[in-house]
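Quick notes on the structure that follows.
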Amino acid sequence: MNEKFILLVEDNPDDVKLTLYALKEHNIANRVVVVSDGVEALDYLFGTGAYTGRDVSDRPAVVLLDLKLPRVDGLEVLRRLRADRYGRRQPVVVLTNSKEEQDLVSSYDLGANSYILKPVDFDRFTEAVRHLGLYWLLLNEPPPTGSGTL
Amino acid sequence: MKKERKPQTLTNFYTRVLDVFWDITKRKKEAEEASRMVMVVRDSNDAITIQDFEGRITAWNRGAELMFGYSEQEALQMKIWQLAPPDKAAEQRDFNRRLFAGEKVASFETQRLTKDGRLLDVWLTVTKLVDAAGKVIGIASTERDITKLKQVQEDLRKLNAELEQRVRDRTAELETANKELETFSYSVSHDLRAPLRSIDGFSRILLEKYSAKLDDEGKEHLGRVRAAAQHMGQLIDDLLKLSRASRVELRREAVDLTALAGEIVLELRRAEPARPVRWVITTGLAATGDRQLLRVVLDNLLNNALKFTSRQAEARIEFGAINGDQGCAFFVRDNGAGFDMAYAGKLFGAFQRLHSPADFPGTGIGLATVQRIIRRHRGRVWAEGEVNHGATFYFTLPETSQKP
Chain A
1261 MNEKFILLVE DNPDDVKLTL YALKEHNIAN RVVVVSDGVE ALDYLFGTGA
1311 YTGRDVSDRP AVVLLDLKLP RVDGLEVLRR LRADRYGRRQ PVVVLTNSKE
1361 EQDLVSSYDL GANSYILKPV DFDRFTEAVR HLGLYWLLLN EPPPTGSGTL
Chain B
357 MKKERKPQTL TNFYTRVLDV FWDITKRKKE AEEASRMVMV VRDSNDAITI
407 QDFEGRITAW NRGAELMFGY SEQEALQMKI WQLAPPDKAA EQRDFNRRLF
457 AGEKVASFET QRLTKDGRLL DVWLTVTKLV DAAGKVIGIA STERDITKLK
507 QVQEDLRKLN AELEQRVRDR TAELETANKE LETFSYSVSH DLRAPLRSID
557 GFSRILLEKY SAKLDDEGKE HLGRVRAAAQ HMGQLIDDLL KLSRASRVEL
607 RREAVDLTAL AGEIVLELRR AEPARPVRWV ITTGLAATGD RQLLRVVLDN
657 LLNNALKFTS RQAEARIEFG AINGDQGCAF FVRDNGAGFD MAYAGKLFGA
707 FQRLHSPADF PGTGIGLATV QRIIRRHRGR VWAEGEVNHG ATFYFTLPET
757 SQKP
């Protein structure tokens, strides 16, 4: 069985750096795959575009998904993922700066597993990342690895 | 009777009208009674005419003369449809034919053409005149000039349409402004928070990983950078709450204010378990309003009370209600730092603060939010206080506030 890993969908390089720092700080050494927009995220998950040929049965334990992304936004990524037979099982945590009620409602309507507001305070941010890592990489039982494509 | 003073032509007319009434009623009338009828016809501003079976005008009062511009002599040579504009002549002929055929008489709106070619809007009332045997022998018409009335009506209609258009335009403008505000809040929440996290995050990494390379002053500076970033994050959050308090649709429901205050107090005690505070909450306080927004109100007021009693050895915070001139007012009272009543007017303005951040931290947006929410509930909010002797914040929720 492959090692559990995180797919981080984040366009802000500072946030990527801070997230990786926070994980390292809390000794969460799992692999983190970083993609910087919605198109890349979908290509990665479906094995298309730049990721043609990737073994898509090797699924991330969790997708940390920002909402405001270049090209295809987070909600659209979620929509396309949930429309797929395997993608609908993929654990997705929305990790965003948006507190707007509409974003919350849409995310849950589209089947987000969780919705986390990124704290401005870095101490609270690292705490949130630590919780996320522990929960999704250790506690949570992922969906069984099915054969076939995602 | 002083009929002899009237012009000869009119006398003829009155006589005819009298004759007609005679025939219609078959009753003998007293001369006095008849003369009253004559006066009515004579002084009427409405045009009163009689026509025969052929449409020939056989009687013409002064009202008709003034309205249409034809003298009696001229009129008596005319047929009634000559008074109708070309497009209405056929209608008039048809109407006459139906009347003589025995159809019901009616009132209706039509048009008339004056001698000098002006088009008049008139309200026409017709009465069949029958002889002793019940045979229709003529038609009496009363025409009222409603041109001015129609003009006023039309002006009103135009004004109304214009007004409606203006309301539509304004509404569209407001909707656009609202949309822009929403987009703005979205950007504020999303785009301004990210750089702040970078400032705070990388400052902390510097403090942690590079502390050996920084002297104490350098560390203090970085500490200030972090504090400022966090304060700005709080400002953004509070501003969003303020904007939300104005934007969300107001729901009206029964709200148990006592229970709401209880929930908030529980959270506050959890946050600072070590602080001894005496909370006094009146039971059974209820109101009608938006539960979420009223929670924001109580949250702000109780948080403030807690903040401003932080230097009190024995802090006491009370939530209750009093009955005053304006009905029931709820209040949150504390025995904390208080404020100078001279500045009471500034309390509820956004970004207005009466204490230095070193003494009591805050963004100055909380009370502005409270005021906006209470005003949206058509209530009032005010405060009383004295420096070092505590403060009381009152608010009313007029709809159905209750005191037990």
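In order, the protein sequences belong to chains A and B. Plus 1260 on top of the position in the first sequence (first one is 1) and you've got the working numbering. Plus 356 on top of the position in the second sequence (first one is 1) and you've got the working numbering. Using N, Cα and C, we set each Cβ at its ideal position, and we do this for glycine too. It should be emphasised that the depicted structure is a prediction, and the values quoted were computed from it without experimental measurement.
Checklist entry - Mind pulling the chain A residues with CB within less than 7 Å of I721 of chain B? => result Taking the first residue of the second sequence as 1, we reach residue 721 of chain B at position 365. Near I721 of chain B there are no residues of chain A at all, since even the closest Cβ is about 15 Å away, more than 7 Å.
Checklist entry - Which whole-angstrom value is the C-beta distance of F675 of chain B and I637 of chain B, which I expect to be below 8 Å? => result Your numbering for residue 675 of chain B matches position 319 in the second sequence. Your numbering for residue 637 of chain B matches position 281 in the second sequence. Right, their Cβ atoms sit about 5 Å apart.
Item to check | Of the listed residues A:L1338, A:T1386, A:N1373, nearest to K1328 of chain A (C-alpha basis) | outcome: Here residue 1328 of chain A is taken as the residue at index 68 of the first sequence, counted from 1. Comparing Cα-Cα distances from K1328 of chain A to each of A:L1338, A:T1386, A:N1373, the minimum goes to A:L1338.
Checklist entry - Taking 8 Å as the CB-CB cut-off, is I561 of chain B touching chain A? => result If you number the second sequence from 1, residue 561 of chain B lands on position 205. Yes, because at least one Cβ of chain A sits closer than 8 Å to the Cβ of I561 of chain B.
Next on the checklist: Tell me whether V726 of chain B, by its Cβ, gets closer than 7 Å to a heavy atom of the ligand FAD.
Outcome noted: This structure does not include the ligand FAD; it has no bound ligands of any sort.
Checklist entry - From what residue to what residue does the beta strand (DSSP E) around R728 of chain B run? => result Stepping through the second sequence from its first residue, residue 728 of chain B is reached at position 372. No beta strand (DSSP E) holds R728 of chain B; the alpha helix (DSSP H) holding it covers 722-732.
Next on the checklist: What ranges does the alpha helix (DSSP H) occupy inside the region 534-613 of chain B, keeping only unbroken runs of at least 4 residues that lie completely in it?
Outcome noted: 549-565, 572-603
Next on the checklist: What does the Cβ neighbour count give for D1363 of chain A, buried or exposed, with the cut at 16 atoms within 10 Å?
Outcome noted: If you number the first sequence from 1, residue 1363 of chain A lands on position 103. With 16 or more other Cβ atoms within 10 Å, it is buried.
Checklist entry - So, helix, strand or coil for I1288 of chain A, using DSSP? => result Taking the first residue of the first sequence as 1, we reach residue 1288 of chain A at position 28. Residue state for I1288 of chain A is assigned as coil, using DSSP reduced to three classes.
Item to check | Under 8 Å from the C-beta of V1337 of chain A: neighbouring residues of chain B | outcome: In the first sequence, counting from the first residue as 1, residue 1337 of chain A sits at position 77. Result: empty, since nearest Cβ-Cβ is about 17 Å, beyond 8 Å.
Item to check | Residue span of the beta strand (DSSP E) that contains F749 of chain B, given as start and end | outcome: Stepping through the second sequence from its first residue, residue 749 of chain B is reached at position 393. Its beta strand (DSSP E) spans residues 747-751.
Checklist entry - Touching or not, the region 434-446 of chain B and the region 466-476 of chain B, by the rule of three or more beta carbon pairs under 8 Å? => result Taking a cut-off of 8 Å for Cβ pairs, the region 434-446 of chain B and the region 466-476 of chain B touch, as three or more such pairs fall below it.
Checklist entry - What residue does the alpha helix (DSSP H) around S1366 of chain A start on, and which one ends it? => result Here residue 1366 of chain A corresponds to residue number 106 of the first sequence, with the count starting at 1. Start and end: 1361-1369.
Item to check | Assumed close pair L1280 of chain A, L1392 of chain A - CB separation to whole angstroms, cut-off 8 Å | outcome: Translated into positions along the first sequence, residue 1280 of chain A becomes position 20. Translated into positions along the first sequence, residue 1392 of chain A becomes position 132. Between L1392 of chain A and L1280 of chain A the Cβ distance is about 13 Å, and since that is not below 8 Å, they are no contact.
Checklist entry - Who are the neighbours of G579 of chain B on chain A, taking C-beta pairs under 8 Å? => result Taking the first residue of the second sequence as position 1, residue 579 of chain B is located at position 223. In chain order: nothing, as chain A lies at least about 13 Å away.
Checklist entry - For E674 of chain B, which residues does DSSP report across the bridge? => result One-based indexing of the second sequence puts residue 674 of chain B at position 318. B:V636, B:R689.
Checklist entry - So the beta strand (DSSP E) A415 of chain B belongs to, where does it begin and stop? => result As a first step, residue 415 of chain B is located in the second sequence; it is residue number 59 there, counting from the start. Taken as a continuous stretch (DSSP letters only), the beta strand (DSSP E) holding A415 of chain B covers 413-416.
Next on the checklist: For a test of the three-state rule: what should DSSP assign to R468 of chain B, helix, strand or coil?
Outcome noted: Your numbering for residue 468 of chain B matches position 112 in the second sequence. Note: R468 of chain B maps to strand in three-state DSSP.
Checklist entry - Under a three-way DSSP split, which group does R1331 of chain A fall into? => result Taking the first sequence and counting its residues from 1, the one referred to as residue 1331 of chain A is at position 71. Coil.
Next on the checklist: Less than 8 Å between CB atoms is the rule here; does D1333 of chain A satisfy it with respect to chain B?
Outcome noted: Within the first sequence, the letter at position 73 stands for residue 1333 of chain A. Interface residue (Cβ-Cβ distance to chain B less than 8 Å): D1333 of chain A is not classified as such.
Next on the checklist: For the region 619-631 of chain B against the region 586-602 of chain B, do three or more pairs of beta-carbon atoms, one drawn from each stretch, fall closer than 8 Å, so that the two count as touching?
Outcome noted: In short, these stretches do not touch, since the Cβ pair count stays below three.
Checklist entry - In three-state DSSP terms, what is R1340 of chain A? => result On the first sequence, residue 1340 of chain A is found 80 positions in, with the first residue counted as 1. Of the three classes helix, strand and coil, the one that applies to R1340 of chain A here is helix, per DSSP.
Next on the checklist: Do T725 of chain B and N659 of chain B have their beta-carbon atoms positioned less than 8 Å apart in this structure?
Outcome noted: Reading the second sequence from its first residue, position 303 is the one you call residue 659 of chain B. Reading the second sequence from its first residue, position 369 is the one you call residue 725 of chain B. Contact flag unset, no.
Checklist entry - Which residues, in order along the region 1273-1296 of chain A, keep a beta-carbon less than 7 Å from a beta-carbon of chain B? => result D1274, D1275, L1278, Y1281
Item to check | Nearest-angstrom Cβ-Cβ length linking V1332 of chain A and D1297 of chain A, presumed shorter than 8 Å | outcome: Here residue 1332 of chain A refers to the residue found at position 72 when the first sequence is read from its first residue. Here residue 1297 of chain A refers to the residue found at position 37 when the first sequence is read from its first residue. Right, their Cβ atoms sit about 7 Å apart.
Checklist entry - Quick one: what does DSSP say Y1304 of chain A is sitting in, helix, strand or coil? => result As a working mapping, residue 1304 of chain A is identified with position 44 in the first sequence. Helix, per DSSP.
Next on the checklist: Tell me which residues share the same chain as Q433 of chain B and place their Cβ nearer than 6 Å to its Cβ, disregarding the 5 neighbours each side in the sequence.
Outcome noted: Here residue 433 of chain B is taken as the residue at index 77 of the second sequence, counted from 1. Answer for Q433 of chain B: no residue qualifies.
Checklist entry - Y1375 of chain A by DSSP, collapsed to three states: which one? => result To locate residue 1375 of chain A, count along the first sequence from 1; it is residue 115. Strand, per DSSP.
Item to check | Q586 of chain B: contacting residues in chain A (beta-carbon distance under 7 Å) | outcome: Against the second sequence, residue 586 of chain B aligns to sequence position 230. Residues of chain A passing the Cβ test: V1380, D1381.
Checklist entry - Comparing the C-beta of R553 of chain B with each C-beta of chain A, is any distance below 8 Å? => result Here residue 553 of chain B refers to the residue found at position 197 of the second sequence. Closer than 8 Å: yes.
Checklist entry - What span of residues does the beta strand (DSSP E) with D477 of chain B cover, start to end? => result As a first step, residue 477 of chain B is located in the second sequence; it is residue number 121 there, counting from the start. Here the beta strand (DSSP E) through D477 of chain B covers 475-486.
Item to check | Below-8 Å beta-carbon distance, H711 of chain B vs any chain A residue | outcome: Position 355 of the second sequence, counted from the first residue, corresponds to residue 711 of chain B. For H711 of chain B, the answer is no, since every Cβ of chain A falls outside 8 Å of its Cβ.
Checklist entry - Mind checking if H546 of chain B is an interface residue toward chain E, Cβ cutoff 8 Å exclusive? => result Here the protein chains are A and B, and chain E is not one of them.
Item to check | DSSP bridge partner residues for I404 of chain B (one or two, in chain order) | outcome: Start at 1 with the first residue of the second sequence, and residue 404 of chain B comes out as number 48. According to DSSP, which records beta bridges pairwise, I404 of chain B is partnered with B:T498.
Next on the checklist: Can you check whether the C-beta of S1366 of chain A is within less than 8 Å of a C-beta belonging to chain B?
Outcome noted: Your numbering for residue 1366 of chain A matches position 106 in the first sequence. No, its Cβ sits nowhere closer than 8 Å to a Cβ of chain B.
Checklist entry - Does DSSP classify G718 of chain B as helix, strand or coil? => result Indexing the second sequence from 1 puts residue 718 of chain B at position 362. The answer is coil: DSSP assigns G718 of chain B none of H, G, I, E or B.
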